[in-house]
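For the sequence shown, our numbering begins at -14 and goes up steadily by one.
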Amino acid sequence: MSAPSSRTSAKSEADRNAPPDVEPSELSNSGDSGVEEHPTGFGLATITFALCLAVFCVALDNTIIATALPRITDHFKKLEDVGWYGSAYLFTTCAFQLLFGKLFGYYSRKWTFLIALLIFEVGSVICGAARTSAMFIAGRAIAGLGGAGVLSGALIIIAFSVPLEKRSNFTALIGGMFGIASVSGPLMGGAFTDHVSWRWCFYINLPVGAVTAVVLLVWLHDRRTKRGPGGPFLEQLRTLDPLGNALFLGSIICLLLALQWGGTTYEWSNGRIVALFVMFGILLAAFIALEVHVEPRRATVPPHIARQRSIAFGSLFALCIGAAFFLFVYYLPYYFQAIKGASALRSGIDVLPLILMQVLGTIIAGALTQKLGYYMPFVLLSVVFMSVGAGLLTLLETDSPTGVCVGYQLVFGFGAGLGFQQVSLAAQAVLPQSEVPTGTAIAMFVQLLGGAVFVSVGENVFTNKLVEGIAAARIPGLDPQTVVAMGATDLRRLVSPEHVGAVMAAYMDALVRVYRVGLITACLSGLGAVGMEWVDVRGKSLDAVGGTPFSCIGIMSTFSQLFPPAPAFTESALPDLSGRVYLITGSTSGVGLELAKMLFSRNATVYVAGRAEASTSKAISLIRNSNPSSTGHLRPFVIDLSQLSSVRAAAEAFAAAEPRLDVLFLNAGVMTPPAGSKTADGYDLEIGTNCLGPFLLARLLQPTLEATAARADGSSVRIVWVSSMVNVGTPEGGVKFDTEGNPVQLKAMDNYMQSKAGDLFLSHVFSQRLASRGVMSVSLNPGLMKTELQRHSPPPQRVIMGLIFKGPKYGAYTELYAGFAPDVQTGAFYIPWGRSGCIPDHLKKSMEASPGKKSVAERFYNWCEMQTRSYLPAA
-14 MSAPSSRTSA KSEADRNAPP DVEPSELSNS GDSGVEEHPT GFGLATITFA
36 LCLAVFCVAL DNTIIATALP RITDHFKKLE DVGWYGSAYL FTTCAFQLLF
86 GKLFGYYSRK WTFLIALLIF EVGSVICGAA RTSAMFIAGR AIAGLGGAGV
136 LSGALIIIAF SVPLEKRSNF TALIGGMFGI ASVSGPLMGG AFTDHVSWRW
186 CFYINLPVGA VTAVVLLVWL HDRRTKRGPG GPFLEQLRTL DPLGNALFLG
236 SIICLLLALQ WGGTTYEWSN GRIVALFVMF GILLAAFIAL EVHVEPRRAT
286 VPPHIARQRS IAFGSLFALC IGAAFFLFVY YLPYYFQAIK GASALRSGID
336 VLPLILMQVL GTIIAGALTQ KLGYYMPFVL LSVVFMSVGA GLLTLLETDS
386 PTGVCVGYQL VFGFGAGLGF QQVSLAAQAV LPQSEVPTGT AIAMFVQLLG
436 GAVFVSVGEN VFTNKLVEGI AAARIPGLDP QTVVAMGATD LRRLVSPEHV
486 GAVMAAYMDA LVRVYRVGLI TACLSGLGAV GMEWVDVRGK SLDAVGGTPF
536 SCIGIMSTFS QLFPPAPAFT ESALPDLSGR VYLITGSTSG VGLELAKMLF
586 SRNATVYVAG RAEASTSKAI SLIRNSNPSS TGHLRPFVID LSQLSSVRAA
636 AEAFAAAEPR LDVLFLNAGV MTPPAGSKTA DGYDLEIGTN CLGPFLLARL
686 LQPTLEATAA RADGSSVRIV WVSSMVNVGT PEGGVKFDTE GNPVQLKAMD
736 NYMQSKAGDL FLSHVFSQRL ASRGVMSVSL NPGLMKTELQ RHSPPPQRVI
786 MGLIFKGPKY GAYTELYAGF APDVQTGAFY IPWGRSGCIP DHLKKSMEAS
836 PGKKSVAERF YNWCEMQTRS YLPAA
């Protein structure tokens, strides 16, 4: 197969476009090109990381307050307001999600998200600085309003930032933050409350939000500032369904007020309570009537979607599961702190069994749903486990052993997890693709609504039963209303020691009544479950918000590569390398130069490769001056990887002069050169320099490597391919081919990441072909480093990169590990700063052959061989 026809014979063009001897690292020019549709590489990783941080904070506010609530009630002396502390946030979070969904569709995604984030941060400040209970509740409501925009906006921004074929992985990654926040929330809330102040449960959102805002301002490019309805302002306003939103909000506010005041502030028969219930019914009926008759595109909840069987019954299921879950999450810490006398931090640890099993159940259900093809078994199992677990939790007593409580939580949490994401999966299975976002939004909406309403119901039940129990105990000098006005952990200080038991019994009875509400809602979820449809989801792309085990691994792998631990394998671990020979491409600067210094310090013979004699001579002087006592040798190796004839000439000169080569480090590369840049041989500059040139060099030096391996002990002879963070930004399948079998030239960073996937594939095929000859082949992501590659980035990005990135020496540690660590396996992929890494599933599939069909990796290897065959020795 011939090279592409668009050749240029002028070597000077390649010289101008290819920076000399630079090494690949995790840098991105995603913002400076203007030609790419999606951010990729470091830009995409940074945006995703920022969105994950924002979602983490919003999700954290669901549970971080749980272990702080008893102390908050102590501070404000308003135990009767505890329901509002949870409901205000949950209610506004769910109530405004659908509205924000429309705003993101009509206006700038970037600025809509940043405004929502600002609202969330303002609410957090108000909560942290609150001087009264009412001020705290207002802050919670404002934070929830902003949180609604952050949650929906994160998923929408990802949908527009990632190609369709990879969207589910990133959606799962964003959604996986819910699980992490759920586990972290009670512990963080307890730690802040015990060791700093409960106010830091909310102040912690400020620095995290600031990081998110700065990253999105710099890296997220949303050039289309308006895409929506157009026309006059009033016409735009009508498309947002303001009347429908107002009716719905009004109806739920009336319901929450009635549930909050009924039986405590006012009797249930009081005219105010009756009027609130009546207004709730009227406003809800008006909302339903409006949604039925309004134009479908303007409806907040399109009736035809709401009437779909699985959506309708699934909404009932989601409402009940949300109600039961949040009731126990919010009221179990009261048991541990008020009854058991635990600290806030200890109560956070005590509720971990429920949270962890909920996360585990979600992961298991998501994975098995895609494997078995049906979500309904897990919906039904969720009802069973959740109902049994809730029933067991109602059996708790003041002296119940810790192990018993843990066991009960495990059962309930696992059941809640099994069903937590199933309605979202059902929406994706039963609705047309265009309506899936609305269906999944409805599922999330009703689940949070269940929590908002029933946390208030629980507070009403708790307060009424506590007052009733204290009154029945007839404790001298103790007014039941005084108990309500006090905080949860102050109860023991209200009465003399001989009456503490009676107060605790009344408190325990009140909590059990709340847990029974959770039991009822868990059982009622079965009514929704039995009405949902059995639909085969095999072959459908499911974006589970909670993620799968693989998405969770992906989360940890991505962030572990962005923020790795300190290197454990450094130059101090190297033996004396006297007599051993190493060749490092791109070793006149950056990572390659640092690696050469390390090897020379251990008395090795190092071939310093560069594109010009001047640069190699300068580098050799720097290396020698850094280690003047070394007995090693430094040899110049002039090579231009963008020119195949230069590669052959350099390899032949090496083979003639050197009978030994212990490790070949293929470190050099180029990233995002000007559009249309070509090699001297007419190939795309990135594919040519990053893949073709290194391939030819490895093939030409293969006989020397094999001869060295025949004389060496163990597995010390290796080829090290410097790739990139391939789990972020690589095209689906790794390398795209056109109809003639040539790699397609992609846009900007997409093309660079394609070339890095190509390096991964070449390493894989070399490992298979050379394993029996004693030569290992491995690939790696060197890490985030300050190098010359970022010189073309916009100034704001360079500033942030300079603050985050490590020096090139750290990238050298990654290569050092791959080249020398004794536990390295051939064909493996390694990550900063010297650890085993995971290869994404879509790239693994491209490395596996199917019957009668070669793998993508093998095709790319063969393509490279075809393009370089005239430079290879005759077989």
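C-beta atoms are modelled at their ideal positions from N, C-alpha and C, and glycine is treated no differently.
The model shown is predicted, which means the values in this text are computed figures rather than measured ones.
Rounded to a whole number of angstroms, what is the C-alpha to C-alpha distance between residue i and residue j?
{"i": "M489", "j": "L512", "result": "36 Å"}
{"i": "V286", "j": "I427", "result": "8 Å"}
{"i": "M734", "j": "I267", "result": "56 Å"}
{"i": "A327", "j": "T178", "result": "12 Å"}
{"i": "G454", "j": "M361", "result": "42 Å"}
{"i": "S831", "j": "M162", "result": "29 Å"}
{"i": "T868", "j": "K838", "result": "Because the chain in this structure spans residues -14 to 860, residue 868 falls outside the shown range and cannot be described."}
{"i": "N588", "j": "S611", "result": "13 Å"}
{"i": "Q739", "j": "G667", "result": "18 Å"}
{"i": "L828", "j": "A834", "result": "12 Å"}
{"i": "P560", "j": "H618", "result": "16 Å"}
{"i": "T448", "j": "P55", "result": "14 Å"}
{"i": "I159", "j": "A139", "result": "8 Å"}
{"i": "L275", "j": "G229", "result": "7 Å"}
{"i": "C390", "j": "I505", "result": "19 Å"}
{"i": "F302", "j": "V200", "result": "38 Å"}
{"i": "I672", "j": "F746", "result": "13 Å"}
Can you round the beta-carbon distance between residue i and residue j to whole angstroms, since I take them to be within the 8 Å contact cut?
{"i": "I340", "j": "P171", "result": "7 Å"}
{"i": "F639", "j": "L686", "result": "7 Å"}
{"i": "S481", "j": "L241", "result": "Actually they are not in contact, since the Cβ atoms of S481 and L241 sit about 38 Å apart, beyond 8 Å."}
{"i": "A126", "j": "T48", "result": "Actually they do not touch by this definition, with Cβ atoms about 18 Å apart."}
{"i": "N445", "j": "G68", "result": "7 Å"}
{"i": "V146", "j": "I32", "result": "It is Ser, not Val, that sits at residue 146 in the sequence shown. Contact flag correct, Cβ pair sits at about 6 Å."}
{"i": "L651", "j": "V760", "result": "With 8 Å as the limit, L651 and V760 do not qualify as a contact, their Cβ atoms being about 13 Å apart."}
{"i": "G436", "j": "A553", "result": "G436 to A553, Cβ: 44 Å. No contact."}
{"i": "G443", "j": "T52", "result": "Not quite, the Cβ-Cβ distance comes to about 16 Å (not below 8 Å), so this is no contact."}
Classify residue i as helix, strand or coil using the three-state DSSP reduction.
{"i": "P767", "result": "coil"}
{"i": "G247", "result": "strand"}
{"i": "K732", "result": "coil"}
{"i": "F569", "result": "Correcting the residue type first, residue 569 is Ile in the shown sequence and not Phe. Correct three-state label for I569: strand."}
{"i": "S328", "result": "coil"}
{"i": "K582", "result": "helix"}
{"i": "S840", "result": "coil"}
{"i": "S835", "result": "strand"}
{"i": "V480", "result": "coil"}
{"i": "W204", "result": "helix"}
{"i": "T(-7)", "result": "Model confidence at T(-7) stands at a pLDDT of 36, short of 50, so the residue's coordinates are unreliable; what they give is reported in the following sentence. Residue state, collapsed to three classes: coil."}
{"i": "E717", "result": "coil"}
{"i": "Y70", "result": "helix"}
{"i": "Q687", "result": "helix"}
{"i": "I348", "result": "helix"}
{"i": "S563", "result": "coil"}
{"i": "Q852", "result": "helix"}
Taking the DSSP output, what are the residues bridged to residue i?
{"i": "H618", "result": "T590"}
{"i": "I816", "result": "R820"}
{"i": "I704", "result": "L649, S762"}
{"i": "D669", "result": "K663"}
{"i": "V442", "result": "According to DSSP, V442 bridges with nothing at all."}
{"i": "K791", "result": "M770"}
{"i": "F722", "result": "P728"}
{"i": "G595", "result": "V623"}
Inset, instruction - Please confirm if the region 550 to 567 is in contact with the region 584 to 602, defined as three or more CB-CB distances below 8 Å between the two stretches. - result: A contact is defined here as three or more CB-CB pairs under 8 Å, and the region 550 to 567 meets this definition with respect to the region 584 to 602.
Inset, instruction - May I ask you to verify whether the region 626 to 638 touches the region 598 to 617, counting CB pairs closer than 8 Å and requiring at least 3? - result: Put simply, the region 626 to 638 does not touch the region 598 to 617. Fewer than three CB pairs are less than 8 Å apart.
Legend entry - Cβ contact (3+ pairs, closer than 8 Å) linking the region 724 to 732 and the region 791 to 806: No, because fewer than three Cβ pairs between the region 724 to 732 and the region 791 to 806 fall closer than 8 Å, the two stretches do not touch.
Legend entry - Inter-stretch contact at 8 Å, needing at least 3 Cβ pairs: the region 365 to 378 / the region 420 to 439: Note that the region 365 to 378 does not touch the region 420 to 439; fewer than 3 beta-carbon pairs, one per stretch, sit closer than 8 Å.
Legend entry - Cβ contact check for the region 390 to 410 and the region 30 to 41: 3 or more pairs under 8 Å: Because the criterion of three Cβ pairs below 8 Å is not met, the region 390 to 410 and the region 30 to 41 do not touch.
Legend entry - At least 3 beta-carbon pairs within less than 8 Å: the region 820 to 827 vs the region 843 to 860: In this structure the region 820 to 827 does not touch the region 843 to 860; the number of beta carbon pairs closer than 8 Å is below three.
Legend entry - Contact between the region 690 to 697 and the region 654 to 665 (3+ Cβ pairs under 8 Å): Counting Cβ pairs under 8 Å, fewer than three are found: no touch.
Inset, instruction - Say whether the region 84 to 95 touches the region 199 to 207, bearing in mind that this needs 3 or more beta-carbon pairs closer than 8 Å, one atom from each stretch. - result: Short answer: they touch.
Legend entry - Cβ pair count under 8 Å reaching 3, the region 341 to 350 against the region 376 to 389: They do not touch, by the three-pair rule.
Inset, instruction - Take every Cβ of the region 179 to 194, pair it with every Cβ of the region 72 to 88, and state whether three or more of those distances are shorter than 8 Å. - result: Touching, no.
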